[in-house]
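In this note's numbering, the protein residues as written are -15 to 245.
Printed below as a string of structure tokens:
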């Protein structure tokens, strides 16, 4: 009996370890830009590539969540279903943490806005409450290594509190969480990283710190906090856009020309 219990424990540990990372097994593209999930990540976190004209600017893009009175954040496990059609990926989860409370869909769209003029990666994370009224916190996390260099990235805040500009000597990225409630930026090579913060086993809220940043190895996240009634849904939107952009830089949706670049 003890041997069977040990074998079961090992199998369960292996299952949850494999399910701890958000990545699929496909690629979406538009023109000279593409976004790929790594089939077998080089490590637990190196889960994706954002290629613009042959240059990879992304190390990791992940989503975390905290439900109800849970005392910790959870990183999305492997999707139950996944689809890659042209420039859109759709990943779905039935019961995201096996507690019977929430289903989810992550829709990822890559767009080459105009050849050589801009690229937009948009992630729409929709959660649906399948039980009773529930408090929900969502975290959209990214680790950018612009121009495939993790040592020289900088970041500054933009007029909107849900936007920041991440840049090195040759590349500028807009990083945005539409209508997010909080943000945080840290250095991935030093103690106290966001990645560790969201995996520390306690309930955490982002604290609107870390800007201006760099130069260094940038990582950033946005947090959305809401309460959902039964059968209600909420969508968090994270945007990573390579500039210059000949469109709005205020979320692409307001039509307010005051924040054009």
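Yeah, the Cβ is synthetic: ideal placement off N, Cα and C, and Gly gets one too. Since this is a predicted model, take the numbers as computed values, not measurements.
Can you pull the DSSP bridge partners for residue 94?
As a position in the chain shown, residue 94 is number 110, starting the count at 1. 105.
Beta-ladder partner(s) of residue 57, from DSSP:
In the chain shown, residue 57 corresponds to position 73, counting from 1. DSSP lists no partner for residue 57.
Can you find the residues in the same chain that come closer than 8 Å, C-beta to C-beta, to residue 11, ignoring five residues on each side of it along the sequence?
As a working mapping, residue 11 is identified with position 27 in the chain shown. 18, 19, 20, 21, 68, listed in sequence order.
Taking only three categories from DSSP, how would you classify residue 14?
The sequence position of residue 14 within the chain shown is 30, counting from 1. Annotated three-state conformation of residue 14 is strand, per DSSP.
Measuring alpha carbon to alpha carbon, tell me which residue in 54, 157, 104, 106 is nearest residue 203.
By one-based count along the chain shown, residue 203 stands at place 219. Checked all of 54, 157, 104, 106; the closest Cα to residue 203 is 157.
What did DSSP end up calling residue 246 once you bin it into helix, strand or coil?
Because the chain here runs from -15 to 245, residue 246 falls outside it and cannot be looked at.
Indicate the three-state DSSP secondary structure (helix, strand or coil) for residue 37 in the structure shown.
Along the chain shown, one-based indexing puts residue 37 at 53. If DSSP states are grouped into helix, strand and coil, residue 37 belongs with coil.
Taking the beta strand (DSSP E) that residue 187 falls in, what are its first and last residues?
Taking the chain shown and counting its residues from 1, one reaches residue 187 at position 203. First-last for residue 187: undefined, no H or E at that position.
Spatial distance of residue 85 from residue 154 (CA atoms)
Here residue 85 refers to the residue found at position 101 when the chain shown is read from its first residue. Here residue 154 refers to the residue found at position 170 when the chain shown is read from its first residue. Rounded to the nearest angstrom, the two C-alpha atoms are 45 Å apart.
In chain order, what residues of the same chain lie with their CB nearer than 7 Å to the CB of residue 214, ignoring the 5 residues before and after it?
Position 230 of the chain shown holds residue 214. Taken in chain order, the residues that qualify are 113, 115, 116, 117.
Given 8 Å, three or more beta-carbon pairs between the stretch 131 to 142 and the stretch 31 to 43
yes
Cβ pair count under 8 Å reaching 3, the stretch 77 to 94 against the stretch 178 to 187
no
Would you check whether the ligand ZN has a heavy atom nearer than 7 Å to the C-beta of residue 87?
With respect to the ligand ZN, the structure offers nothing, as it holds no ligand at all.
Inter-residue spacing [alpha-carbon to alpha-carbon] between residue 173 and residue 197:
Locating residue 173 in the chain shown gives position 189, where the first residue counts as 1. Locating residue 197 in the chain shown gives position 213, where the first residue counts as 1. Rounded to the nearest angstrom, the two C-alpha atoms are 13 Å apart.
Pull up the distance between the alpha-carbon of residue 25 and that of residue 110, whole angstroms please.
Numbered from 1 along the chain shown, position 41 holds the residue referred to as residue 25. Numbered from 1 along the chain shown, position 126 holds the residue referred to as residue 110. With a pLDDT of only 48 at residue 25, under 50, the local geometry of the prediction cannot be trusted, and the value read off the model is given with reservation. If you take the alpha carbons of residue 25 and residue 110, they lie about 25 Å apart.
Ordered along the chain, which non-local residues of its own chain (more than five positions away) have a Cβ less than 6 Å from that of residue 206?
If you number the chain shown from 1, residue 206 lands on position 222. Taken in chain order, the residues that qualify are 124, 161, 164, 167.
Compare the Cα-Cα distances from residue 268 to each of 142, 208, 184, 75 and report the closest residue.
Nothing can be reported for residue 268, as the shown portion of the chain is limited to -15 through 245.
Where residue 114 falls: helix, strand or coil (DSSP):
By one-based count along the chain shown, residue 114 stands at place 130. Of the three classes helix, strand and coil, the one that applies to residue 114 here is coil, per DSSP.
With DSSP collapsed to three states, give me the class of residue 280.
Lying outside -15 to 245, the shown extent of the chain, residue 280 is not represented and no answer is given.
Tell me, please, which residues DSSP counts as bridged to residue 249.
The first residue shown for the chain is -15 and the last is 245, placing residue 249 beyond what the model contains.
If distances are taken between C-alpha atoms only, which option among 170, 225, 70, 66 comes closest to residue 284?
The requested residue 284 is not part of the displayed model; the chain covers only -15 to 245.
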